[in-house]
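Residue numbers (my numbering), protein chains in the order written: chain Y, 9 to 221; chain C, 27 to 248. Virtual Cβ for every residue (Gly too), placed ideally from N, Cα, C. One structure is given below, encoded as structure tokens.
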Amino acid sequence: MGREEFVFLLIGLKWTVALSIVAFVCGCVAGLVVALARTSGIAIVEGVTAFYIAIFQGTPLLMQLFVVYYGLALVGIRMDAWAAVSVGLTLHASAYLGEIWRGSIEAVPRGQTEAAKALALGYVSRMKDVVLPQAIRISLPATVGFLVQLIKGTSLASIVGFTELTRAGNIISNQIFQPITVFGIVGALYFIMCCPLTIWGAHLERRFAASAR
Amino acid sequence: MNYTLDFTPVIDGLPSLLTACLGTFTLAICGMLLATVIGIGGVILRQSPLAALRWLVIGFVELIRNTPFLVQIFFIYFALPLAGVRLDPTPTAIIALGINGGAYAIEIIRGGVQSIPKGQMEAGLALGLHKAQVFRLIILKPALRAIYPSLTSQFVLLTLSTSIASAISAYELTSVSQRIESDSFRSFEVYFTVTGFYLVISWVMMRFFALFSARYFSYPVK
């Protein structure tokens, strides 16, 4: 494999990183809305978000990307593969992060909410100043774990036709007929991205386990 | 924006889609079995006195957990023939699913084995139970019970990731739906319906796992 091919893989890597960042940042914003709706105490809102989460957790990410990709075109929104895949991964991330954060919001002791209510704090202040700071701490290991899942999930964008790292690998492998070398390098690049995050997540988990004792 | 939904190709393709669900189940169940075998084997090796073996298992687990399944399946698909093993896409996909699920299973099962206090085993032996009885009743069953929720949700994830096996055109639901899609160009209709199929598949599996748990693990702990 020559220098040009490797540069082509690096361009693919750039798109994988961009896709991961966009999906994670947008997914965090949407996921917060999902988590707050899921714990809102309003039966209908909670039911709808529970259904939303169940759909995304009960179907393959690949199918979600297909449905969003072709569904957006259907309602008349013309988007290139990049935008469609970003939307698909954002929705996917919002459901998973929403469920992770629902768990952490519920893990914050009830007394905290009750004390905040007794101090006459409104909903916004109660969430922003009391519950969420504690919930974020609890959720951090799982959130980092999901970020790794999401980075790996961006590889499925290649099947929809977006040229990120995996598809770049496919293209190069078809050109130079060295699939083992190419996919070995592609795998190594993913590993370099994900492994530090995994180690960080495990470190956070140990620290929380130690402080909880 | 004058698109009218047309589900006729989906309805015409219904028999082949339903048969393809069996293909998905085959991949999932064989993958789970292989993953369990790799998981148990890996945990045993992980406790080996040989440091090299322990590190081999740790390296394997981290390598698999930090790379995408799609890249793994491509790698295995191209690497097996080089190693002199010629297999159809479907067995290749089962091997890939087993290897991927096995890495996660190693971590989960290890946690379960560690959750059994050593004193319980010693107490069982002191009460005159046979070694096999101690293993079955005091180690295996509580350990299984402890890891059951995480192991089964990993299995549901494995089932959903069978859809990625379509990338090497293994026989399962996604590849069959891609064929119907390319014949009819009714992309949204086909994928929307198949997404519903997957929802039912994962729901059925979760119900089955929950029923099994209610039957075998519903005894008081303390």
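Check, Outcome
"Is it the case that the Cβ atoms of residue 78 (chain Y) and residue 214 (chain C) are separated by a distance below 8 Å?", "yes"
"Starting from the N-terminal side, write out each stretch of the alpha helix (DSSP H) that is 4 residues or longer and does not extend beyond the region 42-128 of chain C.", "77-91 and 95-108"
"Beta-carbon of residue 196 (chain C) versus every beta-carbon of chain Y: anything under 8 Å?", "no"
"Find the residues of chain C that neighbour residue 163 (chain Y), judging by a C-beta separation of less than 7 Å, and give them in chain order.", "94, 96 and 97"
"Can you give the Cα-Cα distance for residue 151 (chain Y) and residue 205 (chain Y), rounded to whole angstroms?", "10 Å"
"Residue 60 (chain C) and residue 128 (chain C): beta carbons closer than 8 Å?", "yes"
"DSSP three-state call for residue 100 (chain Y): helix, strand or coil?", "helix"
"Would you kindly work out how many angstroms separate the C-alpha atoms of residue 161 (chain Y) and residue 149 (chain C), rounded to a whole number?", "47 Å"
"How close, in whole Å, do the beta carbons of residue 241 (chain Y) and residue 103 (chain Y) come, if the pair is a contact with beta carbons under 8 Å?", "Chain Y is shown from 9 up to 221; residue 241 (chain Y) falls before or after that span and cannot be answered."
"Are residue 153 (chain Y) and residue 209 (chain Y) closer than 8 Å when you measure CB to CB?", "yes"
"Can you grab the Cα-Cα spacing for the pair residue 113 (chain C) / residue 99 (chain C), in whole Å?", "13 Å"
"Looking at the secondary structure, which residues open and close the alpha helix (DSSP H) in which residue 29 (chain Y) lies?", "11-46"
"Between residue 109 (chain C) and residue 12 (chain Y), what straight-line distance do the alpha-carbon atoms span, to the nearest angstrom?", "29 Å"
"Looking at the secondary structure, which residues open and close the alpha helix (DSSP H) in which residue 245 (chain C) lies?", "Neither: residue 245 (chain C) is in no alpha helix (DSSP H) and is coded neither H nor E."
"Just reading off the alpha helix (DSSP H) that residue 125 (chain Y) is part of, what are its end residues?", "118-126"
"If we cut at 8 Å on Cβ distances, does residue 199 (chain Y) have a partner in chain C?", "yes"
"Run through chain C and tell me which residues come within less than 8 Å of residue 78 (chain Y), C-beta to C-beta.", "213, 214 and 217"
"Would you kindly report the start and end of the unbroken alpha helix (DSSP H) that includes residue 185 (chain C)?", "167-187"
"Are the beta-carbon atoms belonging to residue 116 (chain C) and residue 245 (chain C) less than 8 Å from one another?", "no"
"Count the other CB atoms, across all protein chains shown, that sit within 10 Å of the CB of residue 182 (chain Y); report buried if there are 16 or more and exposed otherwise.", "exposed"
"Looking only at its own chain, which residues have a Cβ that is under 7 Å from the Cβ of residue 235 (chain C), when we skip the five neighbours before and after it?", "178"
"Rounded to the nearest angstrom, what separates residue 159 (chain Y) and residue 33 (chain C) at their Cα positions?", "34 Å"
"Find the residues of chain Y that neighbour residue 105 (chain C), judging by a C-beta separation of less than 7 Å, and give them in chain order.", "188"
"To the nearest whole angstrom, what separates the beta carbons of residue 174 (chain Y) and residue 96 (chain C), a pair I think is in contact under 8 Å?", "6 Å"
"Taking the alpha helix (DSSP H) that residue 200 (chain C) belongs to, which residues open and close that run?", "199-210"
"Terminal residues of the continuous alpha helix (DSSP H) containing residue 175 (chain Y)?", "173-184"
"Report the rounded CA-to-CA distance for residue 63 (chain Y) versus residue 147 (chain C), giving the unit in angstroms.", "43 Å"
"Nearest CA to the CA of residue 73 (chain Y): which residue from Y:216, Y:81, Y:167 and Y:96?", "Y:96"
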